[in-house]
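Structure first, commentary second.
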Amino acid sequence: MLAFNRRFDPDAMRLKQAIEDGEVGDVRQVVITSRDPGLAPREYLRHSGGIFRDMTIHDFDTARWLLGEEPVEVMAMGNRLVDPGLEELPDYDSVMVLLRTASGKQCHINGSRQAVYGFDQRVEVFGSKGMVLNENHRPSSLRRWTSETTEAREPLLNFFLERHADSYKVELDGFLTALENNTPMPATPVDGIRALRIANCALEAAKTGRAVKI
């Protein structure tokens, strides 16, 4: 089994179920926001494979999973807006990606290595019957109104280990259930290969400024 844990996040699973239940009708667009709270250590980035293969690859898998079709074309931009020194690796810290499937379904992914307000993870699925939206997580849902602030809220959870803690538990349960029942694994190396193919094509698109066939 391949550990693409975003598939096992309870909120993401509800999005997928809403699609399968027909709540949004025919999926037309998927919008993914994926922003880390800060740059990883330089030594990690040096060996990470780059933002498309290391960070955005989770979003590529999520896109495939929610679109229900394989992307066939990718356009991408990569920039160094947080740390210009990443050019020496070379790598990017800010990316935008557009994916298109054969039937014309679209996915937009925006990613950043630095969001000063916390771990920003949101997914929107838009279809012929409506839309479903997955919001960020916070320590509590409490809101405050004072003479100085309006709707002040707790900050976002600050790291993926906090935000996706439940997904790792659900993922492990899925793995053990497949072993015990001798049923197919819920995510396989094939999913990894296909996501990596998209990542490689996105990197080529960012470097060349051209749309790349997947």
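Numbers in the working numbering are just positions in the sequence shown, counted from 1, shifted up by 1428. For every residue, glycine included, the Cβ atom is placed at its ideal position computed from N, Cα and C.
CA-CA distance, residue i and residue j?
i: residue 1579; j: residue 1566; result: 14 Å
i: residue 1464; j: residue 1542; result: 5 Å
i: residue 1599; j: residue 1531; result: 31 Å
i: residue 1639; j: residue 1594; result: 36 Å
i: residue 1486; j: residue 1431; result: 10 Å
i: residue 1605; j: residue 1613; result: 9 Å
i: residue 1631; j: residue 1624; result: 10 Å
i: residue 1559; j: residue 1552; result: 7 Å
i: residue 1484; j: residue 1575; result: 41 Å
i: residue 1641; j: residue 1610; result: 37 Å
i: residue 1628; j: residue 1636; result: 12 Å
i: residue 1634; j: residue 1622; result: 18 Å
i: residue 1480; j: residue 1577; result: 38 Å
i: residue 1603; j: residue 1544; result: 35 Å
i: residue 1445; j: residue 1626; result: 25 Å
i: residue 1607; j: residue 1462; result: 32 Å
Taking the alpha-carbon of residue i as reference, which of the options has the nearest alpha-carbon?
i: residue 1449; options: 1516, 1494 and 1512; result: 1494
i: residue 1568; options: 1557, 1562 and 1582; result: 1582
i: residue 1555; options: 1487, 1451, 1444 and 1547; result: 1451
i: residue 1497; options: 1447, 1588 and 1513; result: 1447
i: residue 1584; options: 1546, 1635, 1620 and 1559; result: 1546
i: residue 1443; options: 1470, 1471 and 1491; result: 1491
i: residue 1549; options: 1564, 1575 and 1597; result: 1564
i: residue 1457; options: 1441, 1499, 1472 and 1611; result: 1499
i: residue 1513; options: 1470, 1489 and 1529; result: 1470
i: residue 1508; options: 1534, 1528, 1539 and 1596; result: 1539
i: residue 1489; options: 1534, 1453, 1533 and 1433; result: 1433
i: residue 1601; options: 1615, 1589, 1588 and 1590; result: 1615
Could you round the C-beta distance between residue i and residue j to whole angstroms and report it? I think they count as a contact, below 8 Å.
i: residue 1437; j: residue 1592; result: 6 Å
i: residue 1455; j: residue 1536; result: The pair is not a contact, with the Cβ atoms about 13 Å apart (cut-off 8 Å).
i: residue 1439; j: residue 1562; result: 5 Å
Going along the chain, which residues of its own chain have a beta-carbon closer than 7 Å to the beta-carbon of residue i, five neighbours each way excluded?
i: residue 1511; result: 1467 and 1521
i: residue 1617; result: 1430
i: residue 1528; result: 1499, 1500, 1501 and 1534
i: residue 1588; result: 1547
Which residues in the same chain as residue i place their Cβ atom closer than 8 Å to its Cβ, once the five residues preceding and following it in sequence are excluded?
i: residue 1573; result: 1579 and 1580
i: residue 1441; result: 1435 and 1598
i: residue 1596; result: 1433 and 1436
i: residue 1570; result: 1581 and 1582
Among the residues of its own chain, which have a CB less than 6 Å from the CB of residue i, if the five just before and after it don't count?
i: residue 1557; result: 1452 and 1453
i: residue 1620; result: 1430
Quick check on residue i - is its C-beta less than 8 Å from some C-beta in chain B?
i: residue 1478; result: Annotation note: the requested chain B is absent from the structure, which comprises a single protein chain.
Next on the checklist: I want to know whether the stretch 1520-1532 touches the stretch 1485-1504 - three or more CB-CB distances under 8 Å.
Outcome noted: yes
Checklist entry - Looking at C-beta atoms only, is the number of pairs between the stretch 1472-1487 and the stretch 1513-1521 that lie closer than 8 Å three or more? => result yes
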